[in-house]
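Asker: With our numbering applied, the sequence shown corresponds to residues 13 to 284, in that order.
Think of the CB as a built atom: it goes at the ideal place given N, C-alpha and C, for glycine as much as any other residue.
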Amino acid sequence: MAFLELNCERRNIGITPPVREDAFLIALQMKKCPDFDLYADGRLILPKGFDTGVVAIFDLRMNLNSDLRDPFHAVNLYLPRKALVAMGDDGDIPRHIQELRHTPGAAVRDPIVRDLLLSMRPALAARPEETSELFVDHVALALSIHVASKYGDVLALPHRWGGGLAPWQERRAKELLDAHIGGGITLNVLARSCELSTRHFTRAFRQSMGMAPYQWLQHRRMEKAKQLLEKSSAALSEIALDCGFADQSHFTRTFSRVAGLTPGAWRRMKRK
């Protein structure tokens with residue numbers, strides 16, 4: 013799975029090369045795009061309702077290409093069909109969901125997809141080293157499960173979990189997160205270390221900890237940074253790297269947003 017934001021201000025781009033892949037594209041329209049033609053397997057489809065804020069599903073197995081005459085702006089989730097199959101194998105969704113119901117060339121209002129894709133925009137605009145892999149995984153999983161539930165020929169996904177993490181699972185998850193305070197760990201790795209499916213793990217973790225794994229890691233970084241600011245004389249650049257931030261600039265922006273003060277100002281306040 014992958015996220016991609018496409019923004020083009022040019023008019024009359026022309027006919028795009030055909031795309032044929034075993035995947036779906038879930039697209040949120042960021043601006044109205046009324047003037048384009050869509051071709052599926054060489055057949056003309058007249059798009060309908062491509063207004064700001066709508067969502068469209070494109071089946072990339074249909075050899076799609078477009079004649080784009082208006083500027084366009086969209087935030088997309090690239091969802092390989094094998095990802096749906098893998099989620100079924102892991103027990104996150106029913107195994108038989110391999111297709112998504114949709115009308116080619118039609119757009120729908122889906123506030124959940126809209127809000128989840130909008131939440132990805134800051135991560136897409138940030139430097140790669142500043143992006144939380146756990147956050148990206150979190151949004152991708154939530155989107156995939158919602159799309160599978162709403163468009164995947166099933167009325168509701170099964171609920172098999174009964175509570176939070178067992179003590180050993182909570183301990184193992186915290187150890188792994190602490191060992192990867194700078195990132196570089198995925199939800200899948202955390203879930204497998206606890207012998208759970210990714211969906212089950214995220215639900216159980218939230219029930220036990222009161223927050224998602226990516227939020228817990230952010231909170232842990234801030235806790236560690238505050239301890240070092242108050243108790244050590246280390247330079248801000250050293251603390252930034254020690255707490256898993258990309259650099260001092262990343263540390264300062266994040267700390268200021270959460271604490272309401274720059275790290276230097278917070279340190280001076282605590283030492284008065």
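(1) Would you decide whether M281 is buried or exposed? Buried here means 16 or more other CB atoms lie within 10 Å of its CB.
(2) Give every residue of the same chain whose Cβ lies closer than 6 Å to the Cβ of R32, excluding the five residues on either side of it in the sequence, and list them in chain order.
(3) Looking at the secondary structure, which residues open and close the alpha helix (DSSP H) in which N200 lies?
(4) Out of S78, I57, F84 and Q110, which has the shortest C-alpha to C-alpha gap to D34?
(5) So what does H150 bridge to, in DSSP terms?
(6) Just the C-alpha distance for A52 and R269, rounded to the nearest angstrom, thanks.
(7) If you compare alpha carbons, which of I197, F36 and A216 is closest to T115?
(8) What number of angstroms, rounded off, separates the C-alpha of N24 from the C-alpha of T64?
(9) How big is the Cα-Cα spacing for R298 and G276?
(10) Under 7 Å Cβ to Cβ from Q219, same chain only, skipping five residues before and after it: list those, please.
(11) Between which two residues does the beta strand (DSSP E) containing V87 stretch?
(12) For C206, I'd like the list of residues in its chain whose CB is within less than 7 Å of its CB, leaving aside the five on either flank, ordered along the chain.
(13) Are the Cβ atoms of M132 and V148 separated by less than 9 Å?
(14) Pull up the distance between the alpha-carbon of F62 and that of C45, whole angstroms please.
(15) For D63, which residues does DSSP report across the bridge?
(16) Going by other Cβ atoms of all chains shown within 10 Å of its Cβ, with 16 needed for buried, is G256 buried or exposed?
(17) Which of the three DSSP states is assigned to D34 in this structure?
(18) Spatial neighbours of L112 within its chain, please: CB distance less than 7 Å, with the 5 preceding and 5 following residues excluded, ordered by chain position.
(19) Helix, strand or coil: which one does DSSP assign to I251?
Answerer: On the basis of the coordinates in this document:
(1) Locating residue 281 in the sequence shown gives position 269, where the first residue counts as 1. Exposed.
(2) As a position in the sequence shown, residue 32 is number 20, starting the count at 1. Excluding positions up to five away in sequence, the list reads N75.
(3) Looking up residue 200 in the sequence shown gives position 188. Element bounds for N200: L199 to S205.
(4) Numbered from its first residue, the sequence shown carries residue 34 at position 22. Selected option, being the one with the closest Cα: Q110.
(5) Taking the first residue of the sequence shown as position 1, residue 150 is located at position 138. According to DSSP, which records beta bridges pairwise, H150 is partnered with nothing at all.
(6) In the sequence shown, counting from the first residue as 1, residue 52 sits at position 40. In the sequence shown, counting from the first residue as 1, residue 269 sits at position 257. Rounded to whole angstroms, A52 to R269 spans 46 Å at the Cα level.
(7) By one-based count along the sequence shown, residue 115 stands at place 103. Among I197, F36 and A216, the Cα nearest to that of T115 belongs to F36.
(8) Here residue 24 refers to the residue found at position 12 of the sequence shown. Here residue 64 refers to the residue found at position 52 of the sequence shown. Their backbone Cα atoms lie some 20 Å apart in a straight line.
(9) Residue numbering for the chain in the displayed model covers 13 to 284; residue 298 lies beyond these limits and cannot be assessed.
(10) By one-based count along the sequence shown, residue 219 stands at place 207. Cβ within range, chain order: G175 and G176.
(11) If you number the sequence shown from 1, residue 87 lands on position 75. Unbroken beta strand (DSSP E) run through V87: F84 to P92.
(12) Sequence index remark: in the sequence shown, residue 206 carries index 194 (1-based). Correct list, in chain order: L177, Q181, R184, A185 and F213.
(13) Residue 132 sits at position 120 when you count from the first residue of the sequence shown. Residue 148 sits at position 136 when you count from the first residue of the sequence shown. A contact, by the Cβ cut-off of 9 Å.
(14) Here residue 62 refers to the residue found at position 50 when the sequence shown is read from its first residue. Here residue 45 refers to the residue found at position 33 when the sequence shown is read from its first residue. Near 6 Å, if we compare the C-alpha coordinates of C45 and F62.
(15) Mapped onto the sequence shown, residue 63 falls at position 51. Per DSSP, none; premise fails for D63.
(16) For the purposes of this step, residue 256 is taken as the residue at position 244 of the sequence shown. Buried, by the Cβ-count rule.
(17) Indexing the sequence shown from 1 puts residue 34 at position 22. Three-state DSSP puts D34 in coil, outside helix and strand.
(18) Within the sequence shown, residue 112 is the residue found at index 100, counting from 1. F36, I69, V159, Y163 and G164, listed in sequence order.
(19) What you label residue 251 is simply residue 239 of the sequence shown in a count that begins at 1. In this structure, I251 counts as helix in the three-state DSSP scheme.
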